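Visitor:
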Amino acid sequence: MRKEILLAIFVGMSLGLMITFGIYQGRQNSTTKQNTDSNRAIINPVSSDSATLQKNTAELVVNSPEPNLLSKEEEIIVSGMSNPNNFIIIFVNDQEYITNADEAGNFSSKVTLEEGGNLLNVTSLDEDGRKVEKQLSVIYEK
Amino acid sequence: MKNKIYLSFAIIVSLLLTNTSSVMAEENVENNPTLNNIRKVIQEKKVELGSGASTLRKNQAYLAKVVRVSAETLTVSVQGLQNVIPLDSAQVMQDGKEITIDKLAVDSWVGVFEEVIDENNKKINKIVAYSKDFEPKERIVTVGSLRTIGRNDLSITPRSGEEELKMSLGKNSVLQDMSGETAKISQFYEDLQCLIIAFADDNGNYMISTMRALSTFEK
């Protein structure tokens, strides 16, 4: 009786260890594959919105205001993402607002709209004078 | 004998379950990359849905330049793209009063107010004619080093490698130190790095709107 119990424990442990090892190996392989994929993504960045804004190419994404905004508010927030520490100059018709993108490239500035049409131009300027612009319109109606 | 077999079987099964369940439990840890990827995808989809929903907001409006006017349609230019607007249901307004379509001049600016029916259908409700010219003035936005500076004019060498630019200073020119606080023209000196925004006037001269120092004043 005792001999059979010991044998059963041994067989159970062996089988358990084999299955555990199999699962461990499977997990290792999937993790390695994911790391390879993410490395590839860094080497060949895709041009998605908030993805990778390269240091040497001027980039600008304006998240707010949305296109074709009909605003009931006189003041709106212009925000988005550009290269880290870039100068961000926002023109609302001919009125300018100067701000800076932070270390992560995010920027945000409150601007005042004129009643009626407002042509917004957002210019991002890096320390070497390279710039990129985005234009959009907002209509403010009380 | 039969009892021994049952007992052995039970021990084998319980040991197997103990081992595998402990491995499975590890899969549920917070930093599991697969789970993180799933969370990331869910977050992206939430953002997608959010932005999609916002573009479907009921009322939208945009600024456009009139390209062509006919009895049935109005052709406008929006950032270089032309839109043909049917005028069947749209009301044309100016200064709060309804006007006839023939009052709209080519190259004038209008606000086009539309109601979003669904993702592919929009109904133009109102066209507002503006007397203001929204065409952006020609302007310079640059960073560079002050080459010369006088009371009423200056020249700057842009960092971008462009030729030296000459500009004028006027009573509306705003001068700022590096933190954006008001500064005096006497605080600026040659070789100081500056950010300059200037607009072209009617004579083609660039008048400085804002000049901001990019470092502390050392003189």
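Same order as they appear, the protein sequences are chains A and B.
Quick note on numbering: the numbering used here labels position 49 of the first sequence as 317, and the sequence is numbered without any gaps.
Quick note on numbering: the numbering used here labels position 154 of the second sequence as 1246, and the sequence is numbered without any gaps.
Backbone N, C-alpha and C define an ideal beta-carbon position, used for all residues, glycine too.
All values derive from a computational prediction rather than experimental measurement.
Would you please verify whether the beta carbon of leucine 381/A is less than 8 Å from any beta carbon of chain B?
Guide: So, not an interface residue.
Visitor: Taking DSSP as the reference, what is the three-state secondary structure of asparagine 1054/B?
Guide: Residue 1054/B cannot be examined here, being either before or after the span of chain B that is shown, 1093 to 1311.
Visitor: Glutamine 1183/B touches chain A at which residues, Cβ-Cβ below 7 Å?
Guide: Going along chain A, no residue has its Cβ under 7 Å from glutamine 1183/B, so there is no contact; the nearest lies around 14 Å.
Visitor: On the CB-based measure, 16 or more other CB atoms within 10 Å of its CB, does valine 1233/B come out buried or exposed?
Guide: Label assigned to valine 1233/B: buried.
Visitor: With which residues is asparagine 1151/B paired in a DSSP beta bridge?
Guide: DSSP lists Glu1207/B as partners of asparagine 1151/B.
Visitor: Once DSSP output is grouped into helix, strand and coil, what is the label at alanine 1102/B?
Guide: In the structure shown, alanine 1102/B sits in a helix (DSSP, three-state: H, G or I).
Visitor: Based on Cα-Cα distance, which residue from Asp1294/B, Asp1199/B, Ser1200/B, Leu1284/B lies nearest to isoleucine 1241/B?
Guide: Ranking the options by Cα distance to isoleucine 1241/B, first place goes to Leu1284/B.
Visitor: Check tyrosine 1281/B in the structure and name its three-state DSSP category.
Guide: Three-state DSSP puts tyrosine 1281/B in coil, outside helix and strand.
Visitor: Using 8 Å as the cut-off, can you tell me whether the region 1298-1306 of chain B makes contact with the region 1251-1266 of chain B, which would need three or more C-beta pairs spanning the two stretches below that distance?
Guide: With a cut-off of 8 Å, the region 1251-1266 of chain B and the region 1298-1306 of chain B count as touching, because enough Cβ pairs lie within range.
Visitor: Could you confirm whether any beta carbon from chain A is found closer than 8 Å to the beta carbon of threonine 1249/B?
Guide: No, its Cβ sits nowhere closer than 8 Å to a Cβ of chain A.
Visitor: Could you compute how far the alpha carbon of glutamine 283/A sits from the alpha carbon of isoleucine 1103/B?
Guide: The sequence given here places leucine at residue 283/A; glutamine does not occur at that position. Taking the straight line joining both Cα atoms gives about 12 Å.
Visitor: Is serine 1307/B helix, strand or coil by DSSP?
Guide: If DSSP states are grouped into helix, strand and coil, serine 1307/B belongs with coil.
Visitor: Nearest to alanine 1305/B by CA position, among Lys1276/B, Asn1295/B, Phe1291/B, is which residue?
Guide: For the residues Lys1276/B, Asn1295/B, Phe1291/B, the minimum Cα distance to alanine 1305/B belongs to Lys1276/B.
Visitor: I'd like to know whether the C-beta atoms of arginine 1160/B and aspartate 396/A end up nearer to each other than 8 Å.
Guide: No, these two residues do not count as a Cβ contact at 8 Å.
Visitor: With proline 1178/B as the anchor, note down where its beta strand (DSSP E) starts and where it stops.
Guide: Start and end: 1173-1178.
Visitor: Could you run through the region 381-398 of chain A and flag, in chain order, every residue whose CB is less than 9 Å away from some CB of chain B?
Guide: Of all residues in the region 381-398 of chain A, Glu382, Gly384, Gly385, Asn386, Leu387, Asn389, Thr391, Leu393, Asp394, Glu395, Asp396, Gly397, Arg398 have a Cβ within less than 9 Å of some Cβ in chain B.
Visitor: Measuring CA to CA, which of Glu1273/B, Met1270/B, Leu1261/B, Asp1269/B is closest to aspartate 1293/B?
Guide: The candidate whose alpha carbon is nearest that of aspartate 1293/B is Leu1261/B.
Visitor: Using a Cβ-Cβ cutoff of 9 Å, what residues of the region 1217-1231 of chain B are near chain A? List them in chain order.
Guide: Residues Val1220, Tyr1222, Lys1224, Phe1226, Glu1227, Pro1228, Lys1229, Arg1231.
Visitor: Cβ of glutamate 364/A within 8 Å of Cβ of isoleucine 358/A?
Guide: The answer is yes: Cβ separation under 8 Å.
Visitor: Taking just the CA atoms, how far does serine 376/A sit from leucine 1173/B?
Guide: Roughly 28 Å separates the two Cα atoms.
Visitor: Comparing C-alpha positions only, which one of Thr391/A, Asp362/A, Ala372/A, Ile344/A sits nearest to lysine 1229/B?
Guide: Ranking Thr391/A, Asp362/A, Ala372/A, Ile344/A by Cα distance to lysine 1229/B puts Asp362/A first.
Visitor: Give the interface partners of phenylalanine 1205/B over in chain A, defined as CB-CB distance under 8 Å, in chain order.
Guide: Those are Leu338, Ile407, listed as they occur along chain A.
Visitor: In angstroms, rounded to a whole number, what distance separates the CA positions of tyrosine 1222/B and serine 1169/B?
Guide: In a straight line, the C-alpha of tyrosine 1222/B is about 15 Å away from that of serine 1169/B.
Visitor: Are the CB atoms of glutamine 1186/B and valine 1220/B within a distance shorter than 8 Å?
Guide: Yes, Cβ-Cβ distance for valine 1220/B and glutamine 1186/B is below 8 Å.
Visitor: Check whether the Cβ atoms of lysine 410/A and glutamate 383/A sit closer than 8 Å, and answer yes or no.
Guide: A contact, by the Cβ cut-off of 8 Å.
Visitor: Would a check of beta-carbon distances place aspartate 362/A closer than 8 Å to chain E?
Guide: The chain inventory of the structure shown lacks chain E, comprising the protein chains A and B.
Visitor: Quick one, are the C-beta atoms of leucine 1238/B and glycine 1203/B less than 8 Å apart?
Guide: Taking 8 Å as the Cβ cut-off, leucine 1238/B and glycine 1203/B do not qualify as a contacting pair.
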